[in-house]
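Below you'll find the structure, written out as structure tokens, and then a few comments.
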Amino acid sequence: MAEITWNDFEQVELRVGTVLEVEEFPEARKPAYKLVVDFGEAGVRRSSAQITKHYTREELVGRQVIGVCNFPRKQIGRFFSEVLITGFADENGDIVLAAPERPVPNGSRLC
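Structure, rendered in structure tokens:
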């Protein structure tokens, strides 16, 4: 893996947001949800997230997540994902969300 500088890292806008809405995404090639997430000053954004193995729609609403807010939006079928929700693959390759250990204001940047 290539080393990056502090300036490179500062360009990645990692922010905390709260999940407001979760919808099924049956058109996705891999099982996924459509999320609406409030990132405070960075706005309310939509995302497609392949997190159906570990999370139900109901338990995601109100949960804080970490997203990369400065990637260009990505078209997935007829849906546009505006933020990358972060997580780690478990031993089966299923995603476990990255999240703050306690509540922080929406829009807070990782520092």
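Take UniProt numbering: the final residue in the sequence shown is number 111, and no numbers are missing along the way. Don't be surprised by glycine CBs; every beta carbon is placed ideally from N, CA and C.
Over what stretch of residues does the beta strand (DSSP E) that includes residue i continue unbroken?
i, result
"R57", "Per DSSP, R57 belongs to no beta strand (DSSP E); it is in the alpha helix (DSSP H), 57 to 60."
"L20", "14 to 24"
"A2", "Careful: A2 lies outside any beta strand (DSSP E) and carries neither H nor E."
"R109", "That residue, R109, is in no beta strand (DSSP E); it is neither H nor E in DSSP."
Locate the alpha helix (DSSP H) running through residue i, then write down its first and last residues.
i, result
"E10", "6 to 10"
So, is residue i buried or exposed, given that buried needs 16 or more other C-beta atoms within 10 angstroms?
i, result
"I4", "exposed"
"G87", "buried"
"G17", "buried"
"V22", "buried"
"E82", "buried"
"F9", "exposed"
"R15", "buried"
Report the option in the options whose CA atom is closest to the CA atom of residue i.
i, options, result
"F71", "N7, W6, V12", "V12"
"D90", "K53, F25, R29", "K53"
"L35", "E41, E10, F79", "F79"
"L84", "A2, W6, V37", "V37"
"L97", "C69, Q64, I76, D8", "Q64"
"V68", "G93, E27, S108, E21", "S108"
Assuming residue i and residue j are in contact, meaning their beta carbons sit under 8 angstroms apart, how far apart are those beta carbons, in whole angstroms?
i, j, result
"I66", "A99", "6 angstroms"
"F40", "P103", "Residue identity check: residue 40 is Gly in the sequence provided, not Phe. So it is not a contact: roughly 12 angstroms between Cβ atoms."
What does a CB cutoff of less than 7 angstroms around residue i pick up in its chain, not counting 5 residues either side in sequence?
i, result
"Q50", "K30, P31, A32, I95"
Taking 8 angstroms as the limit between beta carbons, can you name the residues of its chain near residue i, skipping five residues before and five after?
i, result
"V61", "V19, L20, E21, V22"
"R45", "G17, V36, V37, F39, G67, C69, E82, V83"
"G77", "E27, A28"
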